[in-house]
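J.: With the working numbering, the residue at position 121 of the sequence shown is 134, and numbering never jumps.
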Amino acid sequence: MRRRAILFWLAVLALVVVSGCGVSVPASDQPESVDPPEIESEEFVPESKIITIALVGDIMVHDAQIDSAYNAITGEYEFDGSFEAIAPYLKRADVVIGNLETTLAGEHLVYGGYPRFNSPESLAGALKRAGFTILTTANNHCLDRGAEGVRNTLDYLDQYGLKHAGTARSQEERQSLLIYSVQGIQLGILSYTYGTNG
C-alpha cells in the first residue's frame with residue numbers, strides 16, 4: 014500500500030516537472046503581426062432632403078359661412094377671405110394637405126351646412142389660391158349629397174388643380190393610390206373614414 018502511495022506521488026511529481034518544461038522562442042524568431050491592407054473607398058454620405066408639410070384639419074362650411082361668402086354684386090361665392098390669415102403660413106410649405114369635410118356637389122343639389130354639407134365649388138379655387146396642394150376626401154360627410162356629390166366634388170377639385178385622396182368615381186380610380194412627388198421625395202397619401210352620414 015505504501016509502495017502504491019509512493020508511486021502515485023512520483024507520478025504526480027513527474028507530471029508537474031514535465032508540464033513546467035517548455036520551449037522558449039526568442040522574440041526575434043516569432044512572426045511579426047501584419048496589419049490588414051488598407052482598402053480605399055469613398056465614404057457613403059446619404060443625400061439629405063428636407064421638405065415642409067403643412068396639415069390642416071376639417072375644412073367645412075356652415076350656412077353662415079356660405080351666406081357671408083356670397084357677393085351680391087357679382088353673384089359669386091368668394092371664400093378667399095376665409096383663408097387670408099393662414100395663407101402666408103401655408104405658402105411656406107412644400108406640400109399642404111387638408112381634410113375637405115364638405116362636398117362640392119353643385120348648386121342644383123342645394124348648398125348647405127350642417128348636418129349635410131354642400132359648399133359652392135368656388136371653395137376649391139380659394140383653397141388652391143391659399144396654397145393647398147392635396148385634399149383628403151374620405152370622411153363622414155363625403156356622401157352628404159350621395160354618389161353624384163362625390164363625383165362632382167372630385168370633378169371640381171380636378172378642375173382647380175387640387176390633388177385628392179379618399180373617395181373615387183370608379184373602382185379603377187379607387188384602386189389607384191395618390192403618390193405625390195416633391196423635391197425628389199415621394200409621398201403616399203391615404204385617406205380613410207370610420208363611416209359616412211350619407
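Even glycine gets a Cβ: it sits at the ideal position worked out from N, Cα and C.
Where do the N-terminal and C-terminal ends of the alpha helix (DSSP H) with Thr166 fall, by residue?
T.: Start and end: Gly159 to Gln172.
J.: Comparing alpha-carbon positions, which option in Glu97, Thr149, Lys176 and Tyr193 lies nearest Gly70?
T.: Minimum Cα distance to Gly70 is reached at Thr149.
J.: Please work out which residues of its chain come closer than 6 Å, Cβ to Cβ, to Thr180, disregarding the five sequence neighbours upstream and downstream, and give them in chain order.
T.: Excluding residues within five positions, the ones whose Cβ falls inside 6 Å are Thr150, Ala151, Cys155 and Val163.
J.: So Val108 packs on Tyr193, CB below 8 Å; how close in whole Å?
T.: With a Cβ gap of about 7 Å, Val108 and Tyr193 count as contacting.
J.: Taking all protein chains shown into account, do 16 or more other C-beta atoms lie within 10 angstroms of the C-beta of Pro49, making it buried, or fewer, making it exposed?
T.: The residue is exposed, with fewer than 16 neighbouring Cβ atoms inside 10 Å.
J.: Which of the three DSSP states, helix, strand or coil, is assigned to Asp93?
T.: If DSSP states are grouped into helix, strand and coil, Asp93 belongs with the helices.
J.: Which residue from Gly88, Tyr124 and Gly174 puts its Cα closest to that of Gln78?
T.: Nearest option by C-alpha distance: Tyr124.
J.: Please determine, among Arg182, Leu203, Glu97 and Leu113, the residue with the shortest C-alpha to C-alpha distance to Ile72.
T.: If we check each option's Cα against that of Ile72, Leu113 comes out closest.
J.: Taking 8 Å as the threshold (C-beta atoms), are Leu117 and Glu134 in contact?
T.: Yes, these two residues count as a Cβ contact at 8 Å.
J.: Taking only three categories from DSSP, how would you classify Tyr193?
T.: The answer is strand: DSSP assigns Tyr193 an E or B state.
J.: Does Gly111 pass the burial test, meaning 16 or more other C-beta atoms within 10 Å, or should it be called exposed?
T.: With 16 or more other Cβ atoms within 10 Å, it is buried.
J.: Mark Val74 as exposed unless 16 or more other C-beta atoms lie within 10 angstroms of its C-beta, in which case mark it buried.
T.: Buried is the call here.
J.: Return the residue from the list Glu161, Gln184, Asp157 and Leu200 that minimises the CA-CA distance to Gly208.
T.: Gly208 has its Cα closest to that of Asp157, out of Glu161, Gln184, Asp157 and Leu200.
J.: Return helix, strand or coil for Tyr83, following the three-state DSSP convention.
T.: Tyr83 falls in the strand class under three-state DSSP.
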